[in-house]
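The sequence shown begins at 5 in our numbering and counts up by one.
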Amino acid sequence: MSNKITKYLNQVYFGDIMELLKKLPDQSVDLVYSDPDYNVGIKYGSQSYTVSFNEYIDWYIELSKESLRVLKDSGNMFLINYPKQNSHLRVKYLDDACYDVLDYAWVYNSNIGHSPSRFTTAHRSILHCRKTKKNNFYKNNVALPYKNPNDKRIKQRLANGSRGRMPYDWFYFDLVKNVSKEKTFHACQIPQALSEMLIKSSTMPNDNVLIHFGGSGSEIEVCQRIDRNFIAAEIDRKYYKMIVDRLDSGKIKPEYRLEFRRATNFARQQARLLEKENEYITDNKTDS
Ligand SMILES: C[S@@+](CC[C@H](N)C(=O)[O-])C[C@H]1O[C@@H](n2cnc3c(N)ncnc32)[C@H](O)[C@@H]1O
Numbered sequence: 005m006s007n008k009i010t011k012y013l014n015q016v017y018f019g020d021i022m023e024l025l026k027k028l029p030d031q032s033v034d035l036v037y038s039d040p041d042y043n044v045g046i047k048y049g050s051q052s053y054t055v056s057f058n059e060y061i062d063w064y065i066e067l068s069k070e071s072l073r074v075l076k077d078s079g080n081m082f083l084i085n086y087p088k089q090n091s092h093l094r095v096k097y098l099d100d101a102c103y104d105v106l107d108y109a110w111v112y113n114s115n116i117g118h119s120p121s122r123f124t125t126a127h128r129s130i131l132h133c134r135k136t137k138k139n140n141f142y143k144n145n146v147a148l149p150y151k152n153p154n155d156k157r158i159k160q161r162l163a164n165g166s167r168g169r170m171p172y173d174w175f176y177f178d179l180v181k182n183v184s185k186e187k188t189f190h191a192c193q194i195p196q197a198l199s200e201m202l203i204k205s206s207t208m209p210n211d212n213v214l215i216h217f218g219g220s221g222s223e224i225e226v227c228q229r230i231d232r233n234f235i236a237a238e239i240d241r242k243y244y245k246m247i248v249d250r251l252d253s254g255k256i257k258p259e260y261r262l263e264f265r266r267a268t269n270f271a272r273q274q275a276r277l278l279e280k281e282n283e284y285i286t287d288n289k290t291d292s
């Protein structure tokens with residue numbers, strides 16, 4: 005393995021992914037995994053990254069261009085986003101730059117985003133970019149049980165060592181619920197069952213996975229658990245701290261749990277209210 009990449013392995017870079025990408029050598033990672041901010045006005049605490057749509061697509065193209073440079077010819081790139089953002093990226097850049105681009109759907113149930121004038125958005129697009137014809141893809145890592153295991157041909161395939169069928173190009177996974185074991189105070193988490201499937205489909209142990217956006221650390225933790233090397237970035241200090249702590253301790257500590265944060269905020273609000281009440285009582289006593 006190139007020495008130039010070794011120093012970045014299993015490290016989380018605190019800063020902008022574009023800065024980190026510029027430092028990485030050509031053809032050094034086996035998988036690029038990307039779940040960026042979707043430019044739809046989400047606030048991460050008090051921080052928002054929203055810009056005009058055209059500016060966003062220019063940035064998304066730049067991100068993909070640098071990522072294809074660091075991706076090995078045998079590698080794969082997954083980009084998760086809303087369909088419109090991914091369609092623009094695909095048509096304006098990826099279709100020309102890659103050997104092949106597939107558009108998969110992650111489907112989930114949703115209680116929000118209902119509108120009387122259109123169907124409810126309940127899926128995300130996952131672009132799968134194959135840099136060359138010779139991309140590594142490991143069906144046996146992600147195979148699902150055959151639907152008709154008693155069929156003669158299927159029995160033969162099983163007898164020949166097949167572990168099951170290739171999953172379809174749409175995936176149903178529940179959103180990470182507030183009560184879920186993997187939920188943190190991060191605003192937008194990808195379910196680990198989904199990221200694990202994507203990572204396993206395209207890598208083997210000791211392969212290098214570049215995770216553009218660390219977020220809650222959910223994908224990085226998957227890499228650690230299944231013995232893939234990760235290289236990751238996160239620009240926000242509080243998320244960066246959570247990721248490092250999560251990796252060091254092997255768990256999500258209570259202070260990073262959404263429920264804990266909510267309860268603590270509530271307790272703080274109550275304390276502030278009490279303080280104000282006391283000030284009011286003291287002032288009124290002084291006045292009288
Ligand atoms: C959609 S979230 C990723 C969530 C992640 N998939 C998870 O499951 O936890 C995007 C993350 O990217 C971070 N971010 C935004 N712009 C960034 C940049 N230019 N470089 C690195 N991180 C960035 C945000 O702070 C946020 O945590």
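Every residue gets a Cβ at the ideal spot worked out from N, C-alpha and C, and that includes glycine.
Looking from the CA of Ile65, the closest CA among Asn80, Arg128, His92 and Tyr42 belongs to His92.
The secondary-structure analysis by DSSP pairs Trp63 with nothing; it has no beta-bridge partner. Within 7 Å of the C-beta of Pro87 there is not a single heavy atom belonging to ligand 1. The way I'd put it, the region 83–99 does touch the region 122–131; three or more beta-carbon pairs between them come closer than 8 Å.
DSSP assignment within the region 161–189 yields no whole alpha helix (DSSP H) run of 4 residues or more.
Per DSSP, reduced to three states, the secondary structure at Ala147 is coil, with no helix or strand assignment.
For Met208, the Cβ stays outside the 7 Å cut-off from all heavy atoms of ligand 1. In the DSSP secondary-structure assignment, Asn233 is bridged to Asn212.
Using a cutoff of 7 Å, the CB of Gln160 does not count as near ligand 1, since none of the ligand's heavy atoms is closer than that. Linking Tyr112 to Asn282 through their CA atoms gives a straight-line distance of about 48 Å.
Taking non-hydrogen atoms of ligand 1 into account, the C-beta of Cys192 is found less than 7 Å away from one of them. Counting C-beta atoms within 10 angstroms of its own C-beta, Asn144 has fewer than 16 neighbours from the protein chains shown and is therefore classed as exposed.
Listed in chain order, the non-local C-beta contacts of Ala236 below 6 Å within the same chain comprise Val16, Ile215, Gly218 and Ile224, local neighbours out to five positions each way being set aside. Beyond the five residues adjoining it in sequence on each side, Pro195 comes within less than 6 Å, by CB distance, of Phe177 and Val180 in the same chain, given in chain order. Lys96 has its alpha-carbon roughly 40 Å from the corresponding atom of Arg261. In terms of Cα proximity to Thr136, the closest of Lys204, Leu72, Asn58 and Ala271 is Leu72. Rounded to the nearest whole angstrom, the CA to CA distance from Ile61 to Gln89 is 7 Å.
A distance of 8 Å or more separates the beta carbons of Asp39 and Val74. By the neighbour-count criterion, in which 16 or more other beta carbons inside 10 Å mark a residue as buried, Val105 falls on the buried side. Burial state of His118 is exposed, judged by a 10 Å Cβ sphere holding fewer than 16 other Cβ atoms. Taking each of Gly49, Ser199 and Asp41 in turn and checking the Cα distance to Leu67, the smallest one comes out for Asp41. Around Leu202, the same chain offers Phe82 as residues with beta carbons nearer than 6 Å, after the five sequence neighbours per side are excluded.
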